[in-house]
Structures are given as structure tokens and as C-alpha cells.
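Enquirer: Convert by adding 3 to the 1-based position in the sequence shown; the result is the number in our numbering.
Even for Gly, the Cβ is constructed at its ideal location relative to N, Cα and C.
None of these values were measured; they are calculated from a predicted model.
Please read through the structure below; I'll follow up with questions.
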Amino acid sequence: SIEATSFVSPKWVPQMGDNTKVMAQIERRPSVSYPVLTPNLRGYESARECGATEVAVFAAASQAFSQKNINCSVSESLKRFEPVVEQAKKDGIKVRGYVSCVMGCPYDGFIEPSEVAIVSEALYAMGCYEISLGDTIGAGTPGATMDMLEAVIGKVPISALAVHFHDTYGQALANILAALQVGVSVVDSAVGGLGGCPYAKGATGNVATEDVVYMLKGLKIECGVDLDALVSASDFICGYLGRKPNSRAAVALLNKRSKTR
4 SIEATSFVSP KWVPQMGDNT KVMAQIERRP SVSYPVLTPN LRGYESAREC
54 GATEVAVFAA ASQAFSQKNI NCSVSESLKR FEPVVEQAKK DGIKVRGYVS
104 CVMGCPYDGF IEPSEVAIVS EALYAMGCYE ISLGDTIGAG TPGATMDMLE
154 AVIGKVPISA LAVHFHDTYG QALANILAAL QVGVSVVDSA VGGLGGCPYA
204 KGATGNVATE DVVYMLKGLK IECGVDLDAL VSASDFICGY LGRKPNSRAA
254 VALLNKRSKT R
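See below:
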């Protein structure tokens, strides 16, 4: 899957104001899904009109973050997602669920694993086929990852779980390895480690895809991603944005390329 864009209000997140243009211009491949974020029914309808075949709804395990991110409480956000999921079922569109701040919040601090489990269970019961557990501020450690997953696995099948680690404190790869060891097999990542969150100041982007793929290759886990092509894509987009890849693997492999030319 390649998450393509987000149908949030451009008033709150102007960077996503070009969502319809993105959906119109991407070159879709038959074996690849291009999910988009849809915070409410209006966003869902816009996404469906643009040809989306998979959408994602995003809740939080933190009350304060939910208010900052989507302007409602956690329970209100879950109620808001119900008509989205229901309509998607009727339309034959898959729905993925996200839970933000699973190991810490910039406003509430530490988040109890039991709170993450409650929100995850609600999204799964609603009809989300997969729940992505997001360490939005990147504060988690392998130990905290294990504790959080233990709580969630008691409510949601591990086959329906994914992990989403930001690398603010340099713990993302270690956290992913911990998750793999308990049976999680889906990992979210971002080319070049790009991204962040407008409502979590100081948080870096999601873990770099290049670093994840390099680690998986070392573990002899096949993920179907061409590392060389991935590094080229990272080099292109980071060059376009005028920044260096936030990926040690990409930097090392690009340096190696330059020496062999």
C-alpha cells in the first residue's frame, strides 16, 4: 500500500489542499492499494469521487490530542467514523483505522496501554480491517512497545495490527523489531523519513522506509521492495524538497554510489 493523500479540511492542514490533483495524477498499479485519510463523511465522499478504493480513519488514544487534531473527544471521533465505515461497507471500500499517540502525547504525556486497547477494539469492531498503532511523537521504547502490544493483542487479533513509529528519539527500528518478534507483520514507513505532525511540535517524520527495508533484508524477511529503486526515489523527492534524507541507510547507499561512479 502507498498512502496517497488526505481529505482533511485545507483550512486546518493546507498542505493537503491538492488531494484531488494528486488522486488524478498518480499512476496506479493493479497490485497496489492507494489509501487516503478521511476524517469524516464529507471527506470520504470527496475521496470516493476521486476514485479511492481504500480509506483510513484516525482516532487517538489521547483526549487532548484528539481535540487538537480533529477538534473532538475520542468518543466523539469514534461516533463520527461510524457513518464513514458504514458507507464504505456499502460501497465496497476497505477501511483502515489509525490510533495516534499510543506511547505518549505532547499534551497528556504517558498513555496507558489499556486506553490504546479500548480505541483499537472500537475501531476493529466498527469494521476496520486493520489497526495501525502510531507512536506519533516517537517517544516509545522497545519495552513500552511490548507493553502496549500486549494490551492491544488482548482485544484485537495480531493479524489485524500494524505499527507506525516516528523516529524522534531514534527508537523506531528497535520498536519495529520488538513488534516483529511478537508477530506483527505490517509496518508503516515514509520514504526519506519525511513527514511529521502539525499538532505534535518537535516530532520528526515516520521511520524511513529505506532503513526498515535494509533491516528486513538483514533479517532475511522478504518485503517485496527494491531497495536500490527505493533509495533513488528518496534521493529524488528529498532533492526536490531541498533536504537530505532522514535515513542512515539512504545516505550510506547514496555515498557508496557516488564513490563507484
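I need the DSSP call for L40, collapsed to helix, strand or coil.
Expert: Annotated three-state conformation of L40 is strand, per DSSP.
Enquirer: Compute the Euclidean distance between the alpha carbons of E85 and L44, then round it to the nearest angstrom.
Expert: It is roughly 9 angstroms from the alpha-carbon of E85 to the alpha-carbon of L44.
Enquirer: So what's I29 in DSSP terms, helix, strand or just coil?
Expert: coil
Enquirer: With H, G and I counted as helix, E and B as strand and the rest as coil, what does DSSP make of G137?
Expert: strand
Enquirer: Here's the rule: buried if 16 or more other CB atoms are within 10 angstroms of the residue's CB, otherwise exposed. What is L164?
Expert: buried
Enquirer: Measure the C-alpha to C-alpha separation of H169 and V102 and round it to an integer number of angstroms.
Expert: 13 angstroms
Enquirer: How long is the line joining the alpha carbons of S162 and V187, rounded to whole angstroms?
Expert: 7 angstroms
Enquirer: Roughly how many angstroms separate the alpha carbons of Y132 and N72, rounded to a whole number?
Expert: 23 angstroms
Enquirer: I think S149 touches V105, with their Cβ atoms under 8 angstroms apart; what is that distance to the nearest whole Å?
Expert: What sits at residue 149 in the sequence shown is Met, not Ser. Going by Cβ atoms, the distance from M149 to V105 rounds to 12 angstroms, so no, they are not a contact pair.
Enquirer: Quick one: what's got a C-beta closer than 7 angstroms to I5's C-beta in the same chain, skipping five residues either side?
Expert: V35, Y37
Enquirer: Measuring CA to CA, which of K93, V159, G141, K14 is closest to G107?
Expert: G141
Enquirer: Please give the ranges of any alpha helix (DSSP H) in the region 47-129, keeping only runs that are unbroken, at least 4 residues long and fully inside the region.
Expert: 66-73, 77-94, 116-129
Enquirer: Just tell me which of E115, V216, V194 has its CA closest to the CA of D238.
Expert: V194
Enquirer: In three-state DSSP terms, what is A147?
Expert: DSSP places A147 in helix when its eight states are reduced to three.
Enquirer: Give the range of the beta strand (DSSP E) segment to which A165 is assigned.
Expert: Segment 164-168, the beta strand (DSSP E) holding A165.
Enquirer: Between the C-alpha atoms of S235 and S261, what's the straight-line distance to the nearest angstrom?
Expert: 12 angstroms
Enquirer: By the DSSP assignment, the alpha helix (DSSP H) with M218 in it spans what residues?
Expert: 212-221
Enquirer: Report, in whole angstroms, the separation of the C-beta atoms of V11 and L40, which I expect to be a contact under 8 angstroms.
Expert: That belief holds up - the Cβ atoms of V11 and L40 are roughly 7 angstroms apart, short of 8 angstroms.
Enquirer: Looking only at its own chain, which residues have a Cβ that is under 7 angstroms from the Cβ of R83, when we skip the five neighbours before and after it?
Expert: N43, C75
Enquirer: If L230 sits next to Y217, beta carbons under 8 angstroms apart, how far is it from one beta carbon to the other, in whole angstroms?
Expert: Taking a contact as a CB-CB distance under 8 angstroms, the pair L230 and Y217 counts as one, their CB atoms being some 6 angstroms apart.
Enquirer: Between which two residues does the alpha helix (DSSP H) holding T263 run?
Expert: It spans 251-263 - the alpha helix (DSSP H) in which T263 sits, taken as one unbroken run.
Enquirer: Just curious, the alpha helix (DSSP H) that F267 is in, first and last residue?
Expert: What the structure shows of the chain is the stretch from 4 to 264, and residue 267 is not part of that stretch, so it cannot be assessed.
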